[in-house]
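These protein sequences, in sequence, are chains A and B.
The working numbering numbers the first residue of the first sequence as 444 and each following residue consecutively.
The working numbering numbers the first residue of the second sequence as 2 and each following residue consecutively.
Where a beta carbon is used, it is the ideal one built from N, C-alpha and C, also for glycine.
Written below as structure tokens is the structure these notes are about.
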Amino acid sequence: MMNTPGLLPILATGLVHTYVGNRTWALAGVDFAVERGEVVALVGPSGAGKSTLLTLLDGRLRGWHGAASVLGLALGPDRPPDRVRRAEVGFIFQEFALVERASVWRNVLNGRLGRTDPLASLLGRSTAADYAAAEAALLDTGIAELRNRRVDRLSGGQRQRVAIARCLAQEPKLILADEPVSNLDPLRSERVLSLLARTARQRGSTLLFTSHQPELAALVADRIVAMRDGRVVFDGPPERLDPTELDKIYRDEPLEHAPEPVP
Amino acid sequence: MITAADRPTTHAAWPAMLPSLVVAAVVIWAAATTETDWNRLGEAGPRILEFLGRMLPPDLSVMPEVARGLAETLRIAVLGTLGCVLASLVLGPLAAARLAPAWVHRPVRSLLALIRAIPLLLVAMLMVGAVGLGPLPGILAVAVHATGMLAKFYAEALDDVDVAPVAALESAGATLLQRLRFAYWPQIAPVVLRDTIFRFELNLRESLILGIVGAGGIGFYIQTYVRSFQYEKAATVTLAIAIVILLIEGANGALRRWVS
Chain A
444 MMNTPGLLPI
454 LATGLVHTYV
464 GNRTWALAGV
474 DFAVERGEVV
484 ALVGPSGAGK
494 STLLTLLDGR
504 LRGWHGAASV
514 LGLALGPDRP
524 PDRVRRAEVG
534 FIFQEFALVE
544 RASVWRNVLN
554 GRLGRTDPLA
564 SLLGRSTAAD
574 YAAAEAALLD
584 TGIAELRNRR
594 VDRLSGGQRQ
604 RVAIARCLAQ
614 EPKLILADEP
624 VSNLDPLRSE
634 RVLSLLARTA
644 RQRGSTLLFT
654 SHQPELAALV
664 ADRIVAMRDG
674 RVVFDGPPER
684 LDPTELDKIY
694 RDEPLEHAPE
704 PVP
Chain B
2 MITAADRPTT
12 HAAWPAMLPS
22 LVVAAVVIWA
32 AATTETDWNR
42 LGEAGPRILE
52 FLGRMLPPDL
62 SVMPEVARGL
72 AETLRIAVLG
82 TLGCVLASLV
92 LGPLAAARLA
102 PAWVHRPVRS
112 LLALIRAIPL
122 LLVAMLMVGA
132 VGLGPLPGIL
142 AVAVHATGML
152 AKFYAEALDD
162 VDVAPVAALE
172 SAGATLLQRL
182 RFAYWPQIAP
192 VVLRDTIFRF
202 ELNLRESLIL
212 GIVGAGGIGF
222 YIQTYVRSFQ
232 YEKAATVTLA
242 IAIVILLIEG
252 ANGALRRWVS
């Protein structure tokens, strides 16, 4: 227990959370770990707790219980992680969360803000390392020719790539991606997801992404973790995710041992 | 079928009539207690014509003084606007619910409402008392008075921002100042520019009369010429002011279209 958290990008035990005013668990005791360099897909029906878990691991959820360590440091339920830690964990948002009125280049460069001197960046100065990382991210995501376009003039697929490029420019050791392709058509979904998994592997980053399409997730992930009603109900290689398992994850009846609602 | 019970009773009708009665009472009170000789309106026609006649032709020999006065008014409006922008850059964020806790933004908002409630001329008279005659009290008065509105507008722009990019930048390790610069500012910039231009136009209009209380600008000449019955000169001032206002209105309209 003393040494293992340092080795694992994610180690979580007994994570429990309920949203204010809700009488059901968003997280009902989640235990799981992710190894360094792994590409892990988090699947399950909507409301299973996937996004909550990702938000928790990004240090933006308050008031949860249990123990979680990310990149070897314990997260606290009452405070956000410090700046260095936030810069090391990248997050790709479902609705892109881009600055619409700014250029593609500026948005990608925004991914570097946690890694640059705050005062210099306010004066519009970035380091050579910032430019190099942003440039590499543009090239990896195939949007180098869009750099001077304003984000509000882009298509959904292009925005998705900008959001991914911003995260890659951050050079995170761990990438958390919340439904990174939910806004794309099936063909583009597969292409962008493969791109994300490939670049994460090339850069040696660990990737944990959520998806509501288990078949698609199985194409790119090393491991599938399925959640339902705030619990992990499947954890294994994609090959083991057969129709029987899928049925268990997605069928309509509640689980036999459904958690008691919070009083 | 309508029965007696369905009809509104007189008791029920009273509350509905109350607002109309209050308005009527206020108007009657104002008309009845104002000590005005209404007959004067009847014999005023010829006098107004005579008055207008005395303004003609405008005495253009005072143009140099008028131009100097207008330039000073313009300087007061420009520097006063600069002052209220600087103050609003500090007070606006402090009045925004998104950036400041309730124990900060509530009192700041109340302070801004109080400032807005004091008319500019009153602020200017206080400033003249504090720093003496001239354009300085005018600049200070405009800066203080306009901050009440501008800081409120800035706060509203900040509160209307899409929070998703702000959260994204925070997640990437950005500090509060970095989030203000790179997530808030791009979103509020057009609104802030539009509101600032609008406030500058208001500042210029309101500064025209500051000279009446000794706070600098063209107002001094309006006061002097009217009080000394030099209506031909007052006419020149009036014309010059009208032309400047029309020009500024046109320029601001063009500027606002360019911003949006």
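Q.
Any C-beta of chain A within less than 7 Å: which residues of the stretch 173-200 of chain B qualify?
A. From the stretch 173-200 of chain B, only A173, G174, A175, T176, L178, Q179, R182, F183, A184, P187, Q188 have a Cβ closer than 7 Å to chain A.
Q. What are the boundary residues of the beta strand (DSSP E) that L485 (chain A) is part of?
A. The residue given as residue 485 (chain A) occupies position 42 in the first sequence. First-last of the beta strand (DSSP E) with L485 (chain A): 482-486.
Q.
Run through chain A and tell me which residues come within less than 8 Å of L100 (chain B), C-beta to C-beta.
A. Position 99 of the second sequence, counted from the start, is the residue given in the question as residue 100 (chain B). Below the 8 Å Cβ cutoff, chain A contributes no neighbours of L100 (chain B), its closest Cβ being approximately 16 Å away.
Q: Leaving out five residues on either side along the sequence, give the residues of the same chain with a beta carbon under 7 Å from the beta carbon of Y693 (chain A).
A: Taking the first sequence and counting its residues from 1, one reaches residue 693 (chain A) at position 250. Short of 7 Å from the beta carbon of Y693 (chain A), and not among the five residues preceding or following it, lie these beta carbons of its own chain, in chain order: P488.
**Q.** Extent of the continuous alpha helix (DSSP H) run through H146 (chain B)
**A.** Position 145 of the second sequence holds residue 146 (chain B). Counted as a single uninterrupted DSSP element, the alpha helix (DSSP H) harbouring H146 (chain B) occupies residues 136-160.
Q. Listing by chain order, which chain A residues have their CB less than 7 Å from the CB of P166 (chain B)?
A. Residue 166 (chain B) sits at position 165 when you count from the first residue of the second sequence. Against P166 (chain B), the close residues of chain A are A540, L541, V542, in the order they occur along the chain (beta-carbon pairs closer than 7 Å).
Q: Might you give, ordered along the chain, the residues of its own chain that have their beta carbon closer than 7 Å to the beta carbon of L95 (chain B), omitting 5 neighbours on each side?
A: Indexing the second sequence from 1 puts residue 95 (chain B) at position 94. Around L95 (chain B), the same chain offers A101, V105, H106, V109 as residues with beta carbons nearer than 7 Å, after the five sequence neighbours per side are excluded.
(Q) Between which residues of its own chain and A88 (chain B) is the CB-CB distance below 6 Å, once the five residues before and five after are set aside? (A) Locating residue 88 (chain B) in the second sequence gives position 87, where the first residue counts as 1. For A88 (chain B), where only same-chain residues beyond five positions count, the Cβ hits under 6 Å are T148.
Q | L177 (chain B) versus I29 (chain B) - alpha carbon distance | A | In the second sequence, residue 177 (chain B) corresponds to position 176, counting from 1. In the second sequence, residue 29 (chain B) corresponds to position 28, counting from 1. For L177 (chain B) and I29 (chain B), the distance between alpha carbons rounds to 57 Å.
Q | Sequence-distant residues of the same chain with beta carbon closer than 7 Å to I242 (chain B), five excluded per side | A | Taking the second sequence and counting its residues from 1, one reaches residue 242 (chain B) at position 241. Excluding positions up to five away in sequence, the list reads L209, I219.
Q. On the three-state DSSP scale, how would you describe G457 (chain A)?
A. Your numbering for residue 457 (chain A) matches position 14 in the first sequence. G457 (chain A): strand per DSSP, three-state reduction.
Q: State buried or exposed for N204 (chain B), treating a residue as buried only when at least 16 other CB atoms are found within 10 Å of its CB.
A: Counting from one through the second sequence, the residue named residue 204 (chain B) turns up at place 203. That one is buried.
Q | Assumed close pair L159 (chain B), A97 (chain B) - CB separation to whole angstroms, cut-off 8 Å | A | Here residue 159 (chain B) corresponds to residue number 158 of the second sequence, with the count starting at 1. Here residue 97 (chain B) corresponds to residue number 96 of the second sequence, with the count starting at 1. About 4 Å separates the two Cβ atoms, so the contact holds.
Q: Assess, as a yes-or-no matter, whether the stretch 164-182 of chain B is touched by the stretch 116-131 of chain B under the definition of 3 or more beta carbon pairs within less than 8 Å.
A: Flag = no, the stretch 116-131 of chain B and the stretch 164-182 of chain B do not touch.
Q.
Need the endpoints of the beta strand (DSSP E) that A175 (chain B) sits in, please.
A. Locating residue 175 (chain B) in the second sequence gives position 174, counting from the first residue. A175 (chain B) -> no beta strand (DSSP E), and no H or E assigned at all.
Q. According to the neighbour-count rule (16 or more other Cβ atoms, all chains shown, within 10 Å of its Cβ), is E51 (chain B) buried or exposed?
A. Here residue 51 (chain B) corresponds to residue number 50 of the second sequence, with the count starting at 1. With fewer than 16 Cβ atoms within 10 Å of its Cβ, E51 (chain B) is classed as exposed.
Q: With a threshold of 16 other CB atoms inside 10 Å of the CB of L541 (chain A), please say whether the residue is buried or exposed.
A: The count along the first sequence starts at 1 and reaches residue 541 (chain A) at position 98. If you draw a 10 Å sphere on the C-beta of L541 (chain A), you find 16 or more other C-beta atoms in it, and that means buried.
Q. Opposite I618 (chain A) in the DSSP bridges: which residues?
A. On the first sequence, position 175 is the one that residue 618 (chain A) refers to. DSSP, once it has assigned bridges, lists A:G533, A:L650 as partnering I618 (chain A).
Q: Report the residue from A:V483, A:T456, A:Y462, A:T467 whose alpha carbon sits nearest the alpha carbon of D474 (chain A).
A: In the first sequence, the residue the question calls residue 474 (chain A) occupies position 31. The shortest Cα separation from D474 (chain A) among A:V483, A:T456, A:Y462, A:T467 belongs to A:T456.
Q: Using a Cβ-Cβ cut-off of less than 7 Å, list which residues of the stretch 611-639 of chain A approach chain B; keep chain order.
A: With the criterion set as a beta carbon lying under 7 Å from some beta carbon of chain B, the members of the stretch 611-639 of chain A are Q613, in sequence order.
**Q.** Chain-ordered neighbours of A68 (chain B) on chain E, where CB pairs are closer than 7 Å
**A.** Chain labels in this structure do not include chain E; the protein chains are A and B.
Q) Is the shortest distance between the beta-carbon of P561 (chain A) and the beta-carbons of chain B less than 8 Å? A) As a first step, residue 561 (chain A) must be located in the first sequence, where it is residue number 118. Yes - at least one Cβ of chain B is within 8 Å of the one on P561 (chain A).
**Q.** DSSP state of F677 (chain A) mapped onto helix, strand, coil
**A.** Stepping through the first sequence from its first residue, residue 677 (chain A) is reached at position 234. Per DSSP, reduced to three states, the secondary structure at F677 (chain A) is strand.
(Q) For A576 (chain A), would you say it is in contact with chain B, using Cβ-to-Cβ distances shorter than 8 Å as the test? (A) By 1-based counting over the first sequence, the position of residue 576 (chain A) is 133. It does not; no Cβ of chain B falls within 8 Å.
Q.
Which residue marks the beginning of the beta strand (DSSP E) containing L470 (chain A), and which one marks its end?
A. Taking the first residue of the first sequence as 1, we reach residue 470 (chain A) at position 27. Where L470 (chain A) is concerned, the enclosing beta strand (DSSP E) stretches over 470-477.
Q. Does N591 (chain A) get closer than 8 Å to chain B when you measure Cβ to Cβ?
A. Residue mapping note: residue 591 (chain A) aligns to position 148 of the first sequence, counting from 1. With 8 Å as the cut-off, N591 (chain A) does not count as an interface residue toward chain B.
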